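Quick note on numbering: our numbering labels position 432 of the sequence shown as 432, and the sequence is numbered without any gaps. Right, one structure below, let's go through it.
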Amino acid sequence: MAALSMSCWLEPMGTRKQRRVSLRQFVKVLGAWSIGCWAWYVGTTLAATQDGLVQEARVALRRAVTFFDEQVAVQGGYVYRYSQDLQKREGEGRADAETVWVQPPGTPAVGLAYLEAYRLTGEPRLLQAAQDAADCLIKGQLWSGGWTNHITFAPQERRRYAYRVDGRPSDRAFNWSTLDDNISQSATRFLMQLDQQLQFRDSRLHEAALFALDSILKAQYPNGAWPQGFRQPAAQDTERYPIIAARFPDQWSRQFVKQDYWVFYTLNDNALADTIELMLAAAEIYANPGYRQAALGAGQFLILAQLPEPQPAWAQQYDFQMYPTWARKFEPPAVTGGESQGVIRVLMRLYEETGDKRFLEPIPKALDYLARSTLPNGRLARFYELKTNRPLFFDRNYQLTYDSSNVPTHYAFEVSNGVESLRREYERLVSLSATQLEERRLARRRVRRSQPSDDSVRRVIGALDERGAWVENGRLRYHGADDTTQTIISSQTFIRNLDILARFLAAGAPAAKD
């Protein structure tokens, strides 16, 4: 038909001029027809290629999850890094084959990655892996309600810990739940999000999540603070725990003072910030205003904890009389440049959540103080001496010094300086109307996910070995200087690559429904 149509165009007709016009029309039609055919071909080819990549990504995701859940996990739990052959394992320390880690990026982080990927793709295998991780955490929950940094499944070793699932423990069993390093918070957050996903129908999971939340709630002091660790509810005794503002001690020891610092009011490692976020999320998931009130009470403590001029910022930890105090041998009573920035972020978060301007009042003078405390290199010191504001460091013998030339390498005695960024964020917040603030709150609840590029997806797929493992060059940190391991499997890499595949598949697969 096409040949007949074109031959008709070429038949002599009319005058020479008319034939030239007809020829030009023919060329235009032929060009348009060719372009259309080419566009159809390219579009069809690209669609086929994309469909092929989607299928490859789905297969890769299933293989990776099956390997990690069935070959890497120990009773559903994970550590940070493994040797390629899975014979060596470590979290924040060497781990045996019957130990898993709670501290991120351990079991709760991997479990949450499974859950998020399930929400994006609807793949049932992901939900099962998430439930396996939750079951592991339930087996490691302490009678005090939270978790320590690891869980052991070795029968003899388990007797040393007060695990709820094992029945009433001995009086000597370890029962300290920790809020340090986002340990109990991350485990609780994962359990309650999975509880919500399952519509609160798994009674064992539901009970464990609520027991953790209520135990953390009961560990809160009368002034709104939380300790670094707890094994029982905090006494609501305002004589022992007075509700007073932070202050400078008349004097303090420059030599390390060993004490039970983990029961003191703790800001170190963003412990309080992580707990506040947990309580805000719990209030929304369980519609329990008590959790929200706990978060706001902690915000009120942060207002009280701001030190007076000339150093209107915060310490890492306070004793019960609200004096900055010693924690570990490299954490002296001092004003902190690191955690103070974290406190400012939390106060802005609480203002965003409530519209209560009390949470903004401490910020301007804290920002001004941090700005004038900037080091010559543009960073901030982790510690500033009380009252003098001189930057404090430790030498390698853990003696306090003003000299930063010979500090231990395991701890950051200088921190990044985000003061100007915080100031801009503060100025944006105070300029918002009540309506705009509400829109900002709603926007926070909407999850924004970008679709990864095809090239990044191909790299992730291509890096998967025949087992379904992502193996990479790397060392194990806690197996000694003579360890010969050069290739590892990392939970952090697994989490990142799983997220890439899930976000890519989400564009072509319906997300799981609650």
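All C-beta atoms in this analysis are idealised placements derived from N, C-alpha and C, irrespective of residue type, glycine included. As the structure is a computational prediction, the values presented were derived from the model and not from experiment.
Test item: CB-CB of residue i and residue j under 8 Å
i: residue 316; j: residue 369; result: no
i: residue 291; j: residue 217; result: yes
i: residue 189; j: residue 138; result: no
i: residue 535; j: residue 500; result: Nothing about residue 535 can be read from this structure; the chain reaches only from 1 to 514.
i: residue 64; j: residue 505; result: no
i: residue 313; j: residue 306; result: yes
i: residue 278; j: residue 193; result: no
i: residue 56; j: residue 461; result: yes
i: residue 248; j: residue 365; result: no
i: residue 98; j: residue 154; result: yes
i: residue 152; j: residue 174; result: no
i: residue 282; j: residue 213; result: yes
i: residue 329; j: residue 413; result: no
i: residue 144; j: residue 176; result: yes
i: residue 209; j: residue 191; result: yes
i: residue 382; j: residue 337; result: yes
i: residue 297; j: residue 224; result: yes
i: residue 556; j: residue 93; result: Examination of residue 556 is not possible in this model, given that the chain is present from 1 through 514 alone.
i: residue 195; j: residue 264; result: no
i: residue 327; j: residue 384; result: no
Cβ-based burial, residue i [other Cβ within 10 Å; buried from 16]
i: residue 81; result: buried
i: residue 69; result: buried
i: residue 240; result: exposed
i: residue 27; result: Low confidence applies to residue 27: its pLDDT is 46, below 50, so where it sits in the model is not reliable, and the reading given next is rough at best. So residue 27 ends up on the exposed side.
i: residue 142; result: buried
i: residue 228; result: buried
i: residue 343; result: buried
i: residue 258; result: exposed
i: residue 466; result: exposed
i: residue 339; result: buried
i: residue 38; result: A caution first: residue 38 carries a pLDDT of 47, below 50, which makes its placement in the model unreliable, though a value can still be read off. Exposed, by the Cβ-count rule.
i: residue 79; result: buried
i: residue 516; result: Lying before the first or after the last residue shown, residue 516 is absent from the chain, which here runs from 1 to 514.
i: residue 119; result: buried
i: residue 431; result: exposed
i: residue 235; result: exposed
i: residue 497; result: buried
i: residue 272; result: buried
i: residue 507; result: exposed
i: residue 376; result: exposed
i: residue 441; result: exposed
i: residue 361; result: exposed
i: residue 146; result: buried
i: residue 491; result: buried
Segment limits, beta strand (DSSP E) that includes residue i
i: residue 161; result: Unbroken run through residue 161: none, as it is neither H nor E.
i: residue 391; result: 391-394
i: residue 94; result: 93-95
i: residue 473; result: 471-473
i: residue 100; result: 99-101
Identity of the residue in the options nearest residue i by Cα
i: residue 186; options: 144, 205 and 102; result: 102
i: residue 222; options: 163, 299, 277 and 259; result: 299
i: residue 517; options: 84, 219, 61 and 171; result: No answer is possible for residue 517: it lies beyond the span of the chain, which begins at 1 and ends at 514.
i: residue 434; options: 148, 357 and 134; result: 357
i: residue 251; options: 332, 172, 224 and 211; result: 332
i: residue 211; options: 226, 164 and 91; result: 164
i: residue 207; options: 280, 170 and 135; result: 135
i: residue 400; options: 254, 353, 372 and 373; result: 254
i: residue 85; options: 489, 262 and 395; result: 489
i: residue 522; options: 263, 321 and 267; result: For residue 522 there is no data in the structure shown, the boundaries of the chain being 1 and 514.
i: residue 345; options: 408, 403, 280 and 426; result: 426
i: residue 373; options: 416, 406 and 349; result: 416
i: residue 484; options: 54, 53, 87 and 51; result: 87
i: residue 411; options: 100, 393, 470 and 422; result: 393
i: residue 390; options: 403, 196 and 398; result: 403
i: residue 371; options: 422, 385 and 473; result: 422
i: residue 445; options: 349, 384, 131 and 405; result: 349
i: residue 73; options: 162, 124, 469 and 482; result: 469
i: residue 367; options: 140, 458, 424 and 276; result: 424
i: residue 269; options: 51, 182 and 75; result: 182
Unbroken alpha helix (DSSP H) run spanning residue i, endpoints
i: residue 81; result: Segment 81-83 is the beta strand (DSSP E) holding residue 81; no alpha helix (DSSP H) there.
i: residue 206; result: 203-218
i: residue 485; result: Unbroken run through residue 485: none, as it is neither H nor E.
i: residue 273; result: 271-286
i: residue 192; result: 183-197
i: residue 354; result: 337-354
i: residue 305; result: 289-305
Closer than 7 Å: residue i CB and nearest the ligand SAH heavy atom
i: residue 260; result: With respect to the ligand SAH, the structure shown offers nothing to examine, as it has no ligands at all.
C-beta neighbour in chain C for residue i, strict 8 Å
i: residue 129; result: Among the chains in the structure shown there is no chain C, since it carries only a single protein chain.
Quick one: complete alpha helix (DSSP H) runs, 4+ long, within the region 122-170? Those alpha helix (DSSP H) runs which fall completely within the region 122-170 and span 4+ residues are 124-140 and 155-158.
Which ranges does the alpha helix (DSSP H) cover as unbroken runs of at least 4 residues, wholly within the region 370-422, from first to last along the chain? none
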